[in-house]
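**Q**
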Amino acid sequence: MQAKGAQTCTFVNSGSLLTVFLLSAVAHAVEYEDDILPILEDHCLKCHGPDKQKAGLRVDQRLSLLRGGDGGFPSLVPGDASKSHLIERIKSRDASEQMPPKGERLSEEEIELLEQWIKGGAEWPGQMQALEAIQSDHWSFAPVVRPKMGFGENNPIDSFINAKLAARGLTANGPADARSLIRRVSTILTGLLPEPRRVERFIEDYARDQDGAYAELVEELLSSPHFGERWAQHWLDVIRWAESNGSESNLYRKNAWQYRDYVVRAFNEDRPYDQFVREQLAGDSLGSGEATGFLVAGPHVPAATVGREPSAIRQARADRMDEILQTVGASIMGMTIGCARCHNHKFDPITITDYYAMAAVFQDVEFGSRFPEFDSEHPRRKRGEKIWSEIAERRKLLRQTGGWEEDWGAYREWHLGVTEADAIRIRFKNANVTVDELQVFGPAERKVNLAHRGRGATVRGFPAEGNEGRNPINRVNDGEFGTMAWRGRVDKNSKEKPWIQLDLPQRVKIDRLRLSSNREYFFDTDYLTQKPYLPRYDFDLEVRQPDGEWKPWVGTWHITRKLNELHPERKKPLAEIQKLITQLGEEGPQPGFVGRLIPPEVTHVLHRGSPESPRDEVAPAGLDILEGNLGLDSRTLGAKRRSEFSDWLSDRSHPLTSRVMVNRIWHHVFGSGIVSTPSDFGSAGAAPSHPALLDWLAAEFVSPTSQQTKPWSMKGMIRMLVMSRPFRRSSQPSTEGINADAGSRLLWRFPPRRVAAEVLRDSILQASGKLDRRIGGRSYRIHNVKKTYAQWEVVDNHGPGTWRRMLYQERMRRVDDQIFTAFDFPDCGQVRAKRPVSTTPLQALNLMNSPFVVEQSNFIAERARKEGGEKRESQIRWLFDCLLSRSPQVDEMAACREISLQLVARSLMNSNEFGFLP
Numbered sequence: 034m035q036a037k038g039a040q041t042c043t044f045v046n047s048g049s050l051l052t053v054f055l056l057s058a059v060a061h062a063v064e065y066e067d068d069i070l071p072i073l074e075d076h077c078l079k080c081h082g083p084d085k086q087k088a089g090l091r092v093d094q095r096l097s098l099l100r101g102g103d104g105g106f107p108s109l110v111p112g113d114a115s116k117s118h119l120i121e122r123i124k125s126r127d128a129s130e131q132m133p134p135k136g137e138r139l140s141e142e143e144i145e146l147l148e149q150w151i152k153g154g155a156e157w158p159g160q161m162q163a164l165e166a167i168q169s170d171h172w173s174f175a176p177v178v179r180p181k182m183g184f185g186e187n188n189p190i191d192s193f194i195n196a197k198l199a200a201r202g203l204t205a206n207g208p209a210d211a212r213s214l215i216r217r218v219s220t221i222l223t224g225l226l227p228e229p230r231r232v233e234r235f236i237e238d239y240a241r242d243q244d245g246a247y248a249e250l251v252e253e254l255l256s257s258p259h260f261g262e263r264w265a266q267h268w269l270d271v272i273r274w275a276e277s278n279g280s281e282s283n284l285y286r287k288n289a290w291q292y293r294d295y296v297v298r299a300f301n302e303d304r305p306y307d308q309f310v311r312e313q314l315a316g317d318s319l320g321s322g323e324a325t326g327f328l329v330a331g332p333h334v335p336a337a338t339v340g341r342e343p344s345a346i347r348q349a350r351a352d353r354m355d356e357i358l359q360t361v362g363a364s365i366m367g368m369t370i371g372c373a374r375c376h377n378h379k380f381d382p383i384t385i386t387d388y389y390a391m392a393a394v395f396q397d398v399e400f401g402s403r404f405p406e407f408d409s410e411h412p413r414r415k416r417g418e419k420i421w422s423e424i425a426e427r428r429k430l431l432r433q434t435g436g437w438e439e440d441w442g443a444y445r446e447w448h449l450g451v452t453e454a455d456a457i458r459i460r461f462k463n464a465n466v467t468v469d470e471l472q473v474f475g476p477a478e479r480k481v482n483l484a485h486r487g488r489g490a491t492v493r494g495f496p497a498e499g500n501e502g503r504n505p506i507n508r509v510n511d512g513e514f515g516t517m518a519w520r521g522r523v524d525k526n527s528k529e530k531p532w533i534q535l536d537l538p539q540r541v542k543i544d545r546l547r548l549s550s551n552r553e554y555f556f557d558t559d560y561l562t563q564k565p566y567l568p569r570y571d572f573d574l575e576v577r578q579p580d581g582e583w584k585p586w587v588g589t590w591h592i593t594r595k596l597n598e599l600h601p602e603r604k605k606p607l608a609e610i611q612k613l614i615t616q617l618g619e620e621g622p623q624p625g626f627v628g629r630l631i632p633p634e635v636t637h638v639l640h641r642g643s644p645e646s647p648r649d650e651v652a653p654a655g656l657d658i659l660e661g662n663l664g665l666d667s668r669t670l671g672a673k674r675r676s677e678f679s680d681w682l683s684d685r686s687h688p689l690t691s692r693v694m695v696n697r698i699w700h701h702v703f704g705s706g707i708v709s710t711p712s713d714f715g716s717a718g719a720a721p722s723h724p725a726l727l728d729w730l731a732a733e734f735v736s737p738t739s740q741q742t743k744p745w746s747m748k749g750m751i752r753m754l755v756m757s758r759p760f761r762r763s764s765q766p767s768t769e770g771i772n773a774d775a776g777s778r779l780l781w782r783f784p785p786r787r788v789a790a791e792v793l794r795d796s797i798l799q800a801s802g803k804l805d806r807r808i809g810g811r812s813y814r815i816h817n818v819k820k821t822y823a824q825w826e827v828v829d830n831h832g833p834g835t836w837r838r839m840l841y842q843e844r845m846r847r848v849d850d851q852i853f854t855a856f857d858f859p860d861c862g863q864v865r866a867k868r869p870v871s872t873t874p875l876q877a878l879n880l881m882n883s884p885f886v887v888e889q890s891n892f893i894a895e896r897a898r899k900e901g902g903e904k905r906e907s908q909i910r911w912l913f914d915c916l917l918s919r920s921p922q923v924d925e926m927a928a929c930r931e932i933s934l935q936l937v938a939r940s941l942m943n944s945n946e947f948g949f950l951p
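Position one of the sequence shown corresponds to residue 34 (our numbering), numbered consecutively onward.
(1) Distance check for Pro412 and Lys803, CA to CA, integer angstroms please.
(2) For Ala390, which residues from the same chain have a beta carbon less than 6 Å from its beta carbon, with the 5 sequence-adjacent residues on both sides left out?
(3) Which of helix, strand or coil does DSSP assign to Ser549?
(4) Is Gln160 helix, strand or coil when you go by DSSP?
(5) Over the uninterrupted alpha helix (DSSP H) stretch that includes Arg230, give me the two end residues.
(6) So does the region 578 to 592 actually touch the region 450 to 468, counting three or more Cβ pairs closer than 8 Å?
(7) Using the C-alpha atoms, what's the distance from Trp911 back to Ser940?
(8) CA-CA distance, Val339 and Ala345?
(9) Please report how far the alpha carbon of Phe947 lies from the alpha carbon of Ala731, in whole angstroms.
(10) Take Ala60 and list the residues in its own chain whose beta-carbon comes closer than 8 Å to its own, dropping the five residues that flank it on each side.
(11) In terms of residues, what are the limits of the alpha helix (DSSP H) holding Asn301?
(12) Using a Cβ distance threshold of 8 Å, determine whether the region 721 to 731 contacts the region 193 to 201, with at least three qualifying pairs required.
(13) May I ask which residues mark the beginning and end of the alpha helix (DSSP H) holding Asp307?
(14) Just to confirm before moving on: does the CB-CB distance between Gly316 and Gly322 stay below 8 Å?
(15) Could you tell me which residues DSSP pairs with Ile215 in its beta bridges?
(16) To the nearest angstrom, how far is the alpha carbon of Pro833 from that of Ile852?
(17) Distance check for Thr223 and Ser257, CA to CA, integer angstroms please.
(18) Rounded C-beta distance between Trp532 and Arg458? I'm assuming under 8 Å.
(19) For the beta strand (DSSP E) that contains Gly802, what are its first and last residues?
(20) Find the nearest neighbour of Arg445 within the set Arg552, Arg374 and Val541, judged by alpha-carbon distance.
(21) Using the Cα positions of Pro229 and Ser219, report the straight-line distance between them to the nearest angstrom.
(22) How would you label Phe380, buried or exposed, when you count the other beta carbons within 10 angstroms and need 16 or more for buried?
(23) Give the DSSP-derived three-state secondary structure of Phe947 in the structure shown.
(24) When you compare only the Cα positions, how much space is there between His701 and Ile221?
(25) Taking its Cβ as the centre, do 16 or more other Cβ atoms sit within 10 Å of Ile932, making it buried, or is it exposed?
(26) Rounded C-beta distance between Val92 and Gly153? I'm assuming under 8 Å.
(27) Could you pull the start and end residues of the alpha helix (DSSP H) that Thr768 belongs to?
(28) What first and last residue would you give for the beta strand (DSSP E) that runs through His637?
(29) Mapping DSSP to helix, strand and coil, what is Asp103?
(30) Classify Thr835: buried if its beta carbon has 16 or more other beta carbons within 10 angstroms, exposed otherwise.
(31) By a C-beta neighbour count over all protein chains shown, 10 Å radius and 16 as the cutoff for buried, is Met942 buried or exposed?
(32) Can you confirm whether the region 498 to 505 touches the region 473 to 490 when touching is taken to mean that 3 or more C-beta pairs between the two stretches lie within less than 8 Å?
(33) Residues in the same chain with beta-carbon distance under 7 Å from Asn301, minus the five sequence neighbours each way, listed in chain order, please.
(34) Would Val177 and Ser691 qualify as a contact pair, given that the criterion is a beta-carbon distance under 8 Å?
(35) Spatial neighbours of Phe474 within its chain, please: C-beta separation below 6 Å, excluding the five flanking residues on both sides.
(36) Going by alpha carbons, who is nearest to Ala392 out of Gln539, Gly618 and Arg675?
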């Protein structure tokens with residue numbers, strides 16, 4: 034994908050356009066030299082000429098006017114004065130917008146001359162051949178070209194690194210010892226420490242065959258299910274994934290963990306990166322619907338908290354779109370796309386038009402929940418089908434004894450004996466009823482809602498207008514769930530209680546009824562003290578006969594009490610169904626916070642980023658500098674937009690996609706990327722330390738030379754990096770190396786670094802034997818169940834229910850977990866392509882005195898007594914093997930004899946050796 038011309042920025046920001054009376058056309062033809070240049074010299078060149086270019090605009094160059102200034106709008110549109118920003122600004126009466134801002138304004142005659150010149154094509158002697166685009170020579174926009182060089186090493190990475198070291202006159206360290214190597218690679222690939230027995234076996238194997246033993250270890254770790262858990266966290270950091278929205282209300286995102294589990298599975302299955310990209314942008318079309326949780330991973334202000342002011346609603350929507358573009362730009366493209374929201378990018382060839390063209394791609398995405406689309410082989414779908422078959426077996430047993438009720442959390446469902454009717458009536462026995470949707474089903478088409486108004490069904494009832502006339506009954510069959518409900522409330526002593534009558538267009542067979550009071554709310558959030566379950570309403574059902582008479586059908590009392598008394602054997606299948614319903618919600622398809630899909634609206638460039646100042650319509654597209662024209666328009670369906678964009682972005686020739694990802698992988702393996710700003714490959718970002726190596730890796734990622742590695746293989750790239758000699762080098766410092774390259778960017782040694790907060794916590798649980806290694810599923814909760822605008826509070830961050838890997842800890846924005854946040858654990862509010870690394874006294878205090886560490890150190894000491902033998906020395910040796918992967922030295926053994934095993938464990942966990950990669 035060849036980088037092409039891009040536009041820069043616009044004149045100055047514009048404002049309201051005031052209508053001005055225009056004089057009649059001048060009699061003579063307008064000439065640039067005679068008529069236009071004098072106007073520009075008198076009014077414009079001082080601020081927008083050769084010596085000074087305010088807002089990035091020169092009015093003495095046709096090309097600059099065609100591009101416009103920093104605002105992103107063309108100052109000159111030949112043939113159309115009304116679209117030329119130059120005319121808009123000189124005619125404006127807004128003091129913050131008008132040009133020139135000070136001094137004498139242009140006369141009406143001068144304005145008309147400019148307009149006539151533009152309408153005539155803006156002829157400009159000597160500058161008519163100037164191109165309308167500029168070229169970007171920035172390295173990241175250039176095509177990826179595999180460097181041609183001779184490789185004298187088995188791993189080409191070694192050749193690139195060694196050549197740079199030789200050029201700098203640096204001597205590389207020798208290989209790390211076996212203990213350091215297994216601890217290093219185990220931690221980086223799985224985030225867990227190697228077990229002592231595996232360490233000893235590796236040492237023995239390594240002594241016989243270094244390369245063979247190490248290669249076997251690497252394959253073992255890459256095949257571990259814990260590999261995906263560790264590497265998924267890196268991706269989640271970049272996209273700011275969390276389970277709350279981060280606004281003032283900071284509401285809970287229910288079932289957002291489905292996306293997290295998708296990422297874990299993608300890494301474990303070695304999903305090709307181009308497919309990984311396409312699924313996250315358009316998974317709803319590819320049978321991986323939960324992958325679109327990527328698009329709504331960032332923070333957002335919920336529409337429900339904005340209010341009803343139209344301008345506030347539009348602004349909130351624009352802000353949510355910006356979050357989507359930030360996520361896509363930072364994670365996949367390595368670009369600060371958001372900098373072009375209000376004006377052309379200050380540093381990179383990304384225009385404001387580019388920004389809104391990308392926004393048009395995602396116009397059908399809204400923050401919220403939906404049922405993810407799964408293909409037939411998706412594990413959740415296959416598991417769901419099995420659970421559904423088990424539910425069907427129990428239902429068959431219950432059908433023999435009459436009707437029954439099922440509680441699905443968001444709604445209740447009543448299974449009834451089959452009847453035929455063209456109308457049913459629900460007579461509630463409660464004085465206060467709230468129903469957001471009534472659904473009725475029959476045996477012929479099990480999934481067709483016969484009550485939907487779209488099928489010709491109508492409703493009436495009492496009270497027809499609902500509560501205070503604001504919640505009418507026609508809401509119960511409009512197909513919309515959520516807060517738009519019918520609220521029927523009467524005095525508790527009233528003889529007439531609320532009722533609903535459903536009239537159908539023809540007589541049909543009916544055997545099932547479903548009611549909900551706030552179903553959409555149930556799936557979106559559960560921050561309230563009580564989840565919005567449907568209250569247990571009591572009601573009787575009536576059916577209308579062919580002669581128009583009403584006949585009693587059945588009531589809830591009969592279904593839930595009488596039949597259970599008559600058939601006590603129903604108790605078991607009823608309980609089993611409720612258990613299976615819960616299981617289905619955990620393991621099968623269910624709504625999750627993976628984005629709500631809506632009809633896309635027409636997208637306009639927004640002047641200064643304001644939704645109140647829409648300008649030109651834009652079509653869905655990628656970056657113009659990278660040939661991002663997708664051939665789409667405003668009529669293109671949302672799924673098609675995202676699919677075409679994902680194909681453009683994952684194309685093998687795209688210069689950013691492969692470079693950005695291999696650099697991320699390099700960063701997580703070596704601690705710093707070849708480009709040290711992993712999410713900014715633009716002009717404001719860092720230059721690559723090894724540019725030829727970066728391009729070779731990007732080319733190899735897309736088209737591997739080894740037939741054993743598939744294209745875009747993330748595991749293949751990681752394997753190549755950890756098998757390289759620079760990765761396997763000792764981390765010991767040398768005077769020569771430190772003086773020449775203190776940050777070890779040239780990799781004369783393996784750069785030591787502190788392990789992440791999750792690795793610390795998981796390793797402690799692993800050492801205590803309490804680590805729950807279950808993969809995936811609902812996050813464990815450490816917070817309170819908060820009310821609407823209350824804050825999340827940590828109530829249990831060390832109990833048995835929290836002993837899973839930290840990846841599965843409920844992730845709330847703006848909340849300190851009171852232990853590991855001190856170790857630079859992100860709050861998910863900002864893109865964390867690389868985490869900051871700090872050293873503070875609080876870290877030592879937390880690792881020594883926190884309830885979690887104190888409790889786990891007791892468990893570790895207990896293990897040492899059970900597994901380390903009866904002698905004190907052997908128990909201490911067990912602690913060192915378990916926590917540091919080595920035996921204690923003589924002076925260490927002497928010091929440890931004087932203190933308790935619990936204190937030994939806490940001391941070792943507080944050591945640099947435990948907290949840093951060797």
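Glycine included, every Cβ here is placed at the ideal spot set by N, Cα and C.
**A** Straight from the coordinates:
(1) Position 770 of the sequence shown, counted from the start, is the residue given in the question as residue 803. Position 379 of the sequence shown, counted from the start, is the residue given in the question as residue 412. Each residue's alpha carbon lies about 28 Å from the other.
(2) Taking the sequence shown and counting its residues from 1, the one referred to as residue 390 is at position 357. Taken in chain order, the residues that qualify are Val651 and Ala654.
(3) Position 516 of the sequence shown, counted from the first residue, corresponds to residue 549. In this structure, Ser549 counts as strand in the three-state DSSP scheme.
(4) Taking the sequence shown and counting its residues from 1, one reaches residue 160 at position 127. In the structure shown, Gln160 sits in coil (DSSP, three-state: anything other than H, G, I, E or B).
(5) As a first step, residue 230 must be located in the sequence shown, where it is residue number 197. It spans Pro229 to Arg241 - the alpha helix (DSSP H) in which Arg230 sits, taken as one unbroken run.
(6) The answer is yes - the region 450 to 468 touches the region 578 to 592, with three or more Cβ pairs under 8 Å.
(7) Counting from 1 along the sequence shown, the entry for residue 940 is found at position 907. Counting from 1 along the sequence shown, the entry for residue 911 is found at position 878. Whole-angstrom Cα-Cα distance: 14 Å.
(8) Against the sequence shown, residue 339 aligns to sequence position 306. Against the sequence shown, residue 345 aligns to sequence position 312. For Val339 and Ala345, the distance between alpha carbons rounds to 6 Å.
(9) On the sequence shown, position 914 is the one that residue 947 refers to. On the sequence shown, position 698 is the one that residue 731 refers to. Cα to Cα, Phe947 sits roughly 34 Å from Ala731.
(10) As a working note, residue 60 is residue 27 in the sequence shown. Only weak support is given to the placement of Ala60: the predicted model assigns it a pLDDT of 44, under 50, and the question is left unresolved by the model.
(11) The count along the sequence shown starts at 1 and reaches residue 301 at position 268. Per DSSP, Asn301 belongs to the alpha helix (DSSP H) from Trp290 to Asn301.
(12) yes
(13) Locating residue 307 in the sequence shown gives position 274, counting from the first residue. Counting along the chain, the alpha helix (DSSP H) containing Asp307 begins and ends at Tyr306 to Ala315.
(14) Position 283 of the sequence shown holds residue 316. Position 289 of the sequence shown holds residue 322. Going by C-beta atoms, Gly316 is nearer than 8 Å to Gly322.
(15) Numbered from 1 along the sequence shown, position 182 holds the residue referred to as residue 215. None; Ile215 has no bridge partner.
(16) Along the sequence shown, one-based indexing puts residue 833 at 800. Along the sequence shown, one-based indexing puts residue 852 at 819. Our two residues, Pro833 and Ile852, have alpha carbons roughly 16 Å apart in a direct line.
(17) Counted from its first residue, the sequence shown places residue 257 at position 224. Counted from its first residue, the sequence shown places residue 223 at position 190. Using only the alpha carbons, I get a separation of about 8 Å.
(18) The residue labelled residue 532 in the question sits at position 499 within the sequence shown. The residue labelled residue 458 in the question sits at position 425 within the sequence shown. Indeed they touch by this definition, with Cβ atoms about 6 Å apart.
(19) In the sequence shown, residue 802 corresponds to position 769, counting from 1. Careful: Gly802 lies outside any beta strand (DSSP E) and carries neither H nor E.
(20) Taking the sequence shown and counting its residues from 1, the one referred to as residue 445 is at position 412. Residue Arg552 is the option with its Cα nearest to Arg445.
(21) Along the sequence shown, read from residue 1 onward, the residue named residue 229 stands at position 196. Along the sequence shown, read from residue 1 onward, the residue named residue 219 stands at position 186. For Pro229 and Ser219, the distance between alpha carbons rounds to 12 Å.
(22) As a first step, residue 380 is located in the sequence shown; it is residue number 347 there, counting from the start. With fewer than 16 Cβ atoms within 10 Å of its Cβ, Phe380 is classed as exposed.
(23) Here residue 947 is taken as the residue at index 914 of the sequence shown, counted from 1. Helix, per DSSP.
(24) One-based indexing of the sequence shown puts residue 701 at position 668. One-based indexing of the sequence shown puts residue 221 at position 188. Distance between the alpha carbons of His701 and Ile221: 8 Å.
(25) In the sequence shown, residue 932 corresponds to position 899, counting from 1. That one is exposed.
(26) In the sequence shown, counting from the first residue as 1, residue 92 sits at position 59. In the sequence shown, counting from the first residue as 1, residue 153 sits at position 120. Contact flag wrong, Cβ pair sits at about 18 Å.
(27) Your numbering for residue 768 matches position 735 in the sequence shown. Unbroken alpha helix (DSSP H) run through Thr768: Thr768 to Ala773.
(28) Here residue 637 refers to the residue found at position 604 when the sequence shown is read from its first residue. Taken as a continuous stretch (DSSP letters only), the beta strand (DSSP E) holding His637 covers Thr636 to Leu639.
(29) Mapped onto the sequence shown, residue 103 falls at position 70. Asp103 falls in the coil class under three-state DSSP.
(30) Working through the sequence shown from its first residue, we reach residue 835 at position 802. Thr835 should be labelled buried.
(31) Position 909 of the sequence shown, counting from 1, holds the residue named residue 942. Its Cβ being crowded by 16 or more others within 10 Å, Met942 is buried.
(32) Contact fails: fewer than three Cβ-Cβ distances are below 8 Å.
(33) Residue mapping note: residue 301 aligns to position 268 of the sequence shown, counting from 1. Cβ within range, chain order: Pro258, Phe260 and Gly261.
(34) Locating residue 177 in the sequence shown gives position 144, where the first residue counts as 1. Locating residue 691 in the sequence shown gives position 658, where the first residue counts as 1. Yes, they are a contact pair.
(35) Locating residue 474 in the sequence shown gives position 441, counting from the first residue. The beta carbon of Phe474 sits closer than 6 Å to the beta carbons of Arg545 from its chain, once the five residues preceding and following it are set aside; these are given in chain order.
(36) Sequence index remark: in the sequence shown, residue 392 carries index 359 (1-based). Per the Cα distances, Arg675.
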